[in-house]
DNA sequence: GCATAATGCTTGCATGTGAAATTGTTTTGC
DNA sequence: GCAAAACAATTTCACATGCAAGCATTATGC
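Put into structure tokens, the structure is as follows:
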């Protein structure tokens, strides 16, 4: 570009903007179809990948890039609806684990189908299979080594 | 991955997660160094690239993926500080253009330096120059054709 | 040309979020 | 062992945001 020709800067901008766009799409679909927010979906995803499907609130906060208080308040209604349950730490009573329930697993499965549908749409047509692999590899380096990585 | 092996799904997840991470970094830096939010930075960017450095509020809302009311309330303090000014449309009195001021241009320049610094850090070391070009090209297809694209 | 619809912006209300203070628990240093 | 520090979770407060309603202006249909 004229104004901003550093390749890293361009990549950062495109990364942020395309993620915004995708997040918007997903927010609409999740709300309409499953009554979930994007962040609630990610919360379920993190639990699904965690050992024994459970994580302390503080860990969820780190992985989701939100504050601890946000996790507290996100979990409350999800617990009420039965998607997750609370379990106090055995050897450390400070820890209040968030546990994925059977119902949560089911709900997550449905939401993943929606996620895949929209991911498929966004990455359809304009990419060859090998380009998708390449993109995957390049993006992986951004999330590799971070505890937040779900893939 | 074991659970989720559709390549498009993986790419969507990595895209969202890496963007989250980058946005977090930038939020801290912008707040500390320039007293700006990430969204305020993007608002200035959109104005900078617009013809005559001005856009109607409704256009800003679309490009930034926020509601019209958010634009109204974001602009108010920025106008107070002198980064932008208001200009009523000449042939359409409904339009209230947001105009980038000289001070706004200066502030944006400083913030861009910070942006470039962090973009450089995030994409440093782990990518070859040609890989960055490739990533740039692949990400471009996600933002191409959208009015939101800043690159 | 005038009533109706559409458009741009703002405001009221409800919700989501982060920082800091608070409480209860565990770890550390001696 | 015990006092002090560290830590996990919650609550309080302030702020940001979206939706829907309201207002002003322009466009449309006849």
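Chains as they are written, first to last, in this note's numbering: chain A, 338 to 488; chain B, 338 to 488. Think of the CB as a built atom: it goes at the ideal place given N, C-alpha and C, for glycine as much as any other residue.
Per-residue contacts from residue i into chain A (C-beta, under 7 Å)
{"i": "residue 346(B)", "result": "452, 453 and 456"}
{"i": "residue 353(B)", "result": "356, 359 and 360"}
Residue i: first and last residue of the uninterrupted beta strand (DSSP E) it sits in
{"i": "residue 386(A)", "result": "Segment 375–386 is the alpha helix (DSSP H) holding residue 386(A); no beta strand (DSSP E) there."}
{"i": "residue 424(B)", "result": "421–425"}
{"i": "residue 391(A)", "result": "391–393"}
Opening and closing residue of the alpha helix (DSSP H) in which residue i lies
{"i": "residue 479(B)", "result": "466–480"}
{"i": "residue 460(A)", "result": "It is not in any alpha helix (DSSP H) - residue 460(A) carries neither H nor E in the DSSP assignment."}
{"i": "residue 434(B)", "result": "Note, residue 434(B): premise wrong, no alpha helix (DSSP H); beta strand (DSSP E) at 433–437."}
{"i": "residue 410(B)", "result": "405–418"}
{"i": "residue 348(A)", "result": "344–371"}
Where residue i meets chain B, residues with beta-carbon distance less than 7 Å
{"i": "residue 371(A)", "result": "Those within 7 Å of residue 371(A) in chain B number zero; the least Cβ separation is about 16 Å."}
{"i": "residue 486(A)", "result": "354"}
Buried versus exposed call for residue i [16 or more other C-beta atoms within 10 Å across all chains shown]
{"i": "residue 484(A)", "result": "exposed"}
{"i": "residue 441(A)", "result": "buried"}
{"i": "residue 357(B)", "result": "buried"}
{"i": "residue 452(A)", "result": "buried"}
{"i": "residue 338(A)", "result": "Unreliable positioning characterises residue 338(A) in this predicted model, as indicated by a pLDDT of 45, which lies under 50. The coordinate reading is nonetheless provided below. Exposed."}
{"i": "residue 443(A)", "result": "exposed"}
{"i": "residue 459(A)", "result": "buried"}
{"i": "residue 349(A)", "result": "buried"}
{"i": "residue 370(B)", "result": "exposed"}
{"i": "residue 480(B)", "result": "buried"}
{"i": "residue 456(A)", "result": "buried"}
{"i": "residue 448(A)", "result": "buried"}
Chain A contact residues for residue i, given Cβ-Cβ distances below 8 Å
{"i": "residue 459(B)", "result": "345, 349 and 479"}
{"i": "residue 475(B)", "result": "464, 468, 471, 472 and 475"}
{"i": "residue 438(B)", "result": "The premise fails here: residue 438(B) is roughly 18 Å from chain A at the closest Cβ pair, so nothing lies under 8 Å."}
Within chain A, partners of residue i - CB distance below 9 Å
{"i": "residue 443(B)", "result": "Going along chain A, no residue has its Cβ under 9 Å from residue 443(B), so there is no contact; the nearest lies around 15 Å."}
Members of the stretch 462–473 of chain B that neighbour chain A once the beta carbon cut-off is set at 9 Å
463, 464, 466, 468, 469, 470, 471, 472 and 473
Touching or not, the stretch 428–440 of chain A and the stretch 421–435 of chain B, by the rule of three or more beta carbon pairs under 8 Å?
no
Taking contact to mean 3 or more Cβ pairs, one atom from each stretch, closer than 8 Å, check whether the stretch 417–429 of chain B and the stretch 458–476 of chain B are in contact.
no
When Cβ atoms are compared, which residues of the stretch 389–416 of chain B fall closer than 7 Å to chain A?
402
Do the stretch 357–372 of chain B and the stretch 383–392 of chain A make contact, defined as three or more Cβ pairs closer than 8 Å?
no
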